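Enquirer: Numbered according to our numbering, the sequence shown spans residues 16 to 324. C-beta: ideal position from N, C-alpha, C; glycine also. In this text, all values refer to a predicted model and were calculated from it rather than measured experimentally. The structure's right below; bear with me while I get my questions together.
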Amino acid sequence: MTFANRLAATAAALTLVAGLGLGAAPAQAAPVTAPAMPATALPGTALPAQVPASSAVVSTARKPAPRIPRNPRKADVLVNRNYPLVPKGFTPRLVRVPGTSFRLQAPAATAYRTMVAAARKDGVRIRLTSAYRSYATQRSLMTSYTRAYGSRYARSVVAPAGTSEHQTGLAVDVGAPRSWMARHAATYGFILRYPKGQERVTGYRYEPWHYRYLGPAAAKRYTASKARTLEAYYRATSRPAAPKAAASKQATRRTTANVNLRRGAGTSHRIITTVRRGSTVRLTGQRSGVWNQVRYGSRTGWMSSRYLR
Ligand SMILES: [Zn+2]
Numbered sequence: 016m017t018f019a020n021r022l023a024a025t026a027a028a029l030t031l032v033a034g035l036g037l038g039a040a041p042a043q044a045a046p047v048t049a050p051a052m053p054a055t056a057l058p059g060t061a062l063p064a065q066v067p068a069s070s071a072v073v074s075t076a077r078k079p080a081p082r083i084p085r086n087p088r089k090a091d092v093l094v095n096r097n098y099p100l101v102p103k104g105f106t107p108r109l110v111r112v113p114g115t116s117f118r119l120q121a122p123a124a125t126a127y128r129t130m131v132a133a134a135r136k137d138g139v140r141i142r143l144t145s146a147y148r149s150y151a152t153q154r155s156l157m158t159s160y161t162r163a164y165g166s167r168y169a170r171s172v173v174a175p176a177g178t179s180e181h182q183t184g185l186a187v188d189v190g191a192p193r194s195w196m197a198r199h200a201a202t203y204g205f206i207l208r209y210p211k212g213q214e215r216v217t218g219y220r221y222e223p224w225h226y227r228y229l230g231p232a233a234a235k236r237y238t239a240s241k242a243r244t245l246e247a248y249y250r251a252t253s254r255p256a257a258p259k260a261a262a263s264k265q266a267t268r269r270t271t272a273n274v275n276l277r278r279g280a281g282t283s284h285r286i287i288t289t290v291r292r293g294s295t296v297r298l299t300g301q302r303s304g305v306w307n308q309v310r311y312g313s314r315t316g317w318m319s320s321r322y323l324r
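Take a look at the structure:
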């Protein structure tokens, strides 16, 4: 194969991956400047049930973190490399999108169907090319790309399993014509998720076909906010925080009560262990509302910041 052919083949591979809505990673992350916080209700802010409320300590020393929705059963969830699905193998409740072989969460499927019907009235035919993809599907894509191109290249073009929006059942890839979608999708609750020029914020190259269901009200707020990306809207990043920064801070906290360490941010998540009052835990830097991801011994899990000092 000539060099030109190799280039063409690589480009074709990229197009294929892009068509699957996997996106490609930029060389490095850029700081995210953000508009005002959205008024979004958050999951997982309830008190852990086993700790009396009187033992709660509210920290006033640190600025409150932006409230980033992490519940993949809700349409406002943020999912990217820095905010993986919790648990990573999360499977939503799915329904088949009528007239296709694809599946979505029910509200997204209904909205999609309404949108397609509206487009048809305008003489526009929207075609679904991808929707829900499982953790296993995403993982096997990563495996086949690693085999074909090596792990470094594979990681640069394929979203790691557990971090793809498609696994939420809230994302769609649509065929042409995209101009109608750009103009009307938000009315039906869908936003363009990886816009042009925002590669360093989203972590993905421009994907004019990838739309994410947020719900009509949230999509309207999002549009009104003038945020270019969901990351900017939530004041979140798409790239993992530099481990160096977390380590250099030596961010540790003491538990002010016996606190449950959970698999995810919220009391609905399974308890890994109960950490005794007065124990030291290390913050990983990931937060979701009042929930912090922490390391305790060899374990990593989530606990409410109400019981950390
Ligand atoms: Zn996609």
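1) To the nearest angstrom, how far is the alpha carbon of L119 from that of G293?
2) When the Cα of Y147 is compared with those of S194, R111, P210, which residue comes out closest?
3) Quick one: grab the DSSP three-state call for V131.
4) Whole-angstrom Cβ separation of T217 and E246, contact assumed at under 8 Å?
5) Touch check for the segment 127-141 and the segment 187-207: three-plus C-beta pairs under 8 Å?
6) Go through the segment 80-149 residue by residue and report every complete run of the alpha helix (DSSP H) that reaches 4 residues or more, in order.
7) Would you check if the segment 273-282 and the segment 90-102 touch, i.e. whether three or more CB-CB distances between them fall below 8 Å?
8) Our contact map puts V305 next to V290 with C-beta atoms below 8 Å; I'd like the distance itself, whole angstroms only.
9) Given this structure, state the Cα-to-Cα distance separating A242 from N95, to the nearest angstrom.
10) Beta carbon of D91: closer than 7 Å to some heavy atom of ligand 1?
11) At what residue ranges does the segment 171-253 contain a whole run of the beta strand (DSSP E), taking only runs of 3 or more?
12) Does R291 come out as helix, strand or coil in the three-state DSSP assignment?
13) To the nearest angstrom, how far is it from the Cα of D137 to the Cα of Y127?
14) For P231, which residues of its own chain have a beta-carbon under 6 Å away from its beta-carbon, when the five flanking residues on both sides are left out?
15) Going by Cα to Cα distance, which pick from I286, T288, S313 is closest to T299?
16) List the whole-angstrom C-beta distance separating Y249 from I83, where the pair is believed to meet the contact cut-off of C-beta under 8 Å.
17) Of the residues R162, Y168, W317, R310, which one's Cα is nearest the Cα of T267?
18) Within 10 angstroms of its Cβ, does L37 collect 16 or more other Cβ (buried), or is it exposed?
19) What is the DSSP secondary structure of S319, counted as helix, strand or coil?
20) Run through DSSP, which three-state label would S303 get?
21) Here's a check: name, in chain order, each residue in its chain whose Cβ is nearer than 6 Å to the Cβ of T288, leaving out the five neighbours to either side.
22) Grab me the residues of Q301's own chain with a C-beta within less than 6 Å of its C-beta, minus the 5 sequence neighbours each way, in chain order.
23) Suppose contacts are defined by Cβ-Cβ distances below 8 Å. Is P87 in contact with P107 by that definition?
24) Taking 7 Å as the line, does the beta carbon of A134 fall inside it for any heavy atom of ligand 1?
25) Taking the continuous beta strand (DSSP E) assigned at T267, which residues delimit it?
26) Per DSSP, Y311 is paired with what?
27) Along the beta strand (DSSP E) that carries N275, what are the first and last residues, could you check?
28) Quick one: does the C-beta of S149 sit closer than 7 Å to a heavy atom of ligand 1?
29) Taking the DSSP output, what are the residues bridged to Q154?
Expert: Looking at the coordinates:
1) 45 Å
2) R111
3) helix
4) 6 Å
5) yes
6) 121-136
7) yes
8) With 8 Å as the limit, V305 and V290 do not qualify as a contact, their Cβ atoms being about 16 Å apart.
9) 17 Å
10) no
11) 186-189, 205-207, 225-228
12) coil
13) 15 Å
14) G204
15) S313
16) 5 Å
17) R310
18) Residue confidence for L37 is low, a pLDDT of 43 falling below 50, so the modelled location carries little weight; the figure read from the coordinates is stated next. L37 comes out buried.
19) strand
20) strand
21) L276
22) Q308
23) yes
24) no
25) 267-269
26) R314
27) 274-277
28) no
29) Reading off the sequence shown, one finds Arg at residue 154, where the question assumed Gln. In the DSSP output, where bridge partners are listed per residue, R154 has none listed.
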